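**Q** For the sequence shown, the numbering used here assigns the number 330 to the initial residue and increments by one for each residue that follows. Where is the CB? At the ideal position from N, CA and C, for every residue including glycine. Computed from a prediction, not measured in an experiment: that's the story for all the values here. My questions will all concern the structure given below.
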Amino acid sequence: MKTYTNESILIVDDIPTNIKVLFEILNQAGFKVAVAKSGKSALKKAEETLPNLILLDVMMPEMDGFETCRLLKENPQTRNIPVIFMTARSDLIDKVQGLTIGAVDYITKPIEYEEVLARINVHLELRRTQLQLVQEEKMSALGQLISGVAHEINNPINFIVGNIIYAQSYVDNLLALLHLYEKHQQQKLPEIQAYADQIELDFLKSDLPQLLSSMKTGAERVEKIVRSLRSFSRLDDTEYQLFNIHEGIDSTLVLLSNRIKTVSKKVEINIVKNYGELPAVECYAGPINQVLMNLIANAIDAIEESLLSSKFSEKPTIEIITDVTEDQQSVVITIADNGVGIPEEIQQRIFEQFFTTKPLGKGTGFGLAIAHEIIVDKHKGKLEVQSASGEGARFLITIPIEQTMSNVQ
């Protein structure tokens, strides 16, 4: 029998015997089960816990199932939770009314063990697929947006960088000419001296080259970020392409640099890069960048959590190691942090859809699940975690260097 170790279901019924039967069925199947004995209680509990599915009795006092469902669907927080009605009546009119206001299915009482689990499984699977498609669509739209922004910024920033070089040369020439004039014209006219004092000429001569140098540094920084954006948002993922893993890591670090610097007011995360000599890897570049972004961002989160707990005694560090496997067939990317670590019981479930240890609203539970799918399913590689609570975490990505037909199949 399939067990559901991560999905939660809210039972809404006012009859204790019905609740008991359903609770035993769902609990035995491995679901997390919550109970509400009225429509009003269901609305509150659904918003607080955001269950994966709601089993809702139609006939209840005060607020019936139809009204409860209508209010659930009006609330942006709960409108997308699948609702299955439970009823002893099988009238077509009732079923049409329920489906019209947003229910996905009906279960007729008395409850049959196999039927209720089969219907729940179908709608949970549909919901998983729907959420994953939405997530992938968001990533695709984000990639297109980033690519467009990078393209729009690229031309003007190239213009600025190119012209700053000429401006520096012109300023150097003018300052050299001014120096020659001062050298050979020992006695300045009073009017010239007064104006030189007014504009603080000595300060201007020393500050102007520094000002241009700062402008050049800033423009080059923007140029670097634009290159990283263009690299990160690679959209040509309809087929495998040769990809520089180190370029992907470096681009990700540039895009996360603000988080790395501002994770704490007191300290900055130390990034240690131990890069081996890697060949170009045949892969889908955009999704691989997505995995790198997710894992490095999670490492930053883990360190941030340690810093907030005030138990951090060593310098916060993220180490990124790359190497080739002994058989020279794959590359291994290790992303290690010295943050809070991951308890062993959580490691067993960390790549499951919907699973997250982050507070409600802070994590979708899809990040590592999608990362696992990208590495394991799309690239026939491996994504592993090594950790202990309080001792940091290491994520190991193994990707074949060449995606042969046997790998793809």
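#1: Output the distance between the C-alpha atoms of Pro688 and Val500, rounded to the nearest integer angstrom.
#2: Within its chain, find whatever has a CB closer than 6 Å to the CB of Thr693; leave out the 5 residues flanking it on each side and keep chain order.
#3: Identify whether Asn599 lies in helix, strand or coil by the three-state DSSP scheme.
#4: Along the chain, which unbroken stretches of the alpha helix (DSSP H) at least 4 residues long are found entirely within the segment 420–450?
#5: Take Gln658 as the anchor and find which of Thr378, Glu611, Asn450 has the nearest alpha-carbon.
#6: Quick one, which of Asp342, Val412, Ile625 has its alpha-carbon nearest Val601's?
#7: Let's test the definition: count the other Cβ atoms within 10 Å of the Cβ of Phe414 and tell me whether it reaches 16, buried, or not, exposed.
#8: Is the distance from the Cβ of Val551 to the Cβ of Ile494 below 8 Å?
#9: Look up Thr663 in the DSSP assignment and say whether it is helix, strand or coil.
#10: How would you call Ser716, buried or exposed, if buried means at least 16 neighbouring beta carbons within 10 angstroms?
#11: Taking one C-beta from the segment 641–651 and one from the segment 662–678 each time, how about it: are there three or more such pairs within less than 8 Å?
#12: Label Asp656 either buried or exposed according to how many other C-beta atoms from any shown protein chain fall within 10 Å of its C-beta, with 16 as the threshold for buried.
#13: Could you give the distance in angstroms between the alpha-carbon of Ile649 and the alpha-carbon of Ala722?
#14: Suppose you measure from the CA of Glu731 to the CA of Ile617; what does that come to, to the nearest Å?
#15: Do the segment 428–440 and the segment 393–412 meet, that is, are 3 or more Cβ pairs less than 8 Å apart?
#16: Give me, in chain order, the residues of the same chain whose beta-carbon lies closer than 6 Å to that of Thr416; leave out the 5 immediate sequence neighbours on both sides.
#17: As a quick exercise: from Met389, Ser718, Arg556, pick the residue whose alpha carbon is nearest that of Leu584.
#18: In the DSSP assignment, find the unbroken alpha helix (DSSP H) run with Ser716 in it and report its ends.
#19: Look up Gln570 in the DSSP assignment and give the residues it is bridged to.
#20: Val660 and Ile728: beta carbons closer than 8 Å?
**A** On the basis of the data shown:
#1: Below a pLDDT of 50, predicted positions are generally treated as unreliable, and Pro688, at 49, falls in that range; the measurement from the model is reported next regardless. Spanning the two alpha carbons is a distance of roughly 55 Å.
#2: Summary for Thr693: the model assigns pLDDT 47, below 50, so the residue's position carries little reliability, and this model does not support an answer.
#3: strand
#4: 421–429
#5: Glu611
#6: Ile625
#7: buried
#8: No, Cβ-Cβ distance for Val551 and Ile494 is not below 8 Å.
#9: strand
#10: buried
#11: Contact between the segment 641–651 and the segment 662–678 is present, because at least three Cβ pairs lie under 8 Å.
#12: exposed
#13: 12 Å
#14: 14 Å
#15: Yes: at least three Cβ pairs fall under 8 Å.
#16: Val387
#17: Arg556
#18: It is not in any alpha helix (DSSP H) - Ser716 instead sits in the beta strand (DSSP E) that spans 711–716.
#19: Cys612
#20: yes
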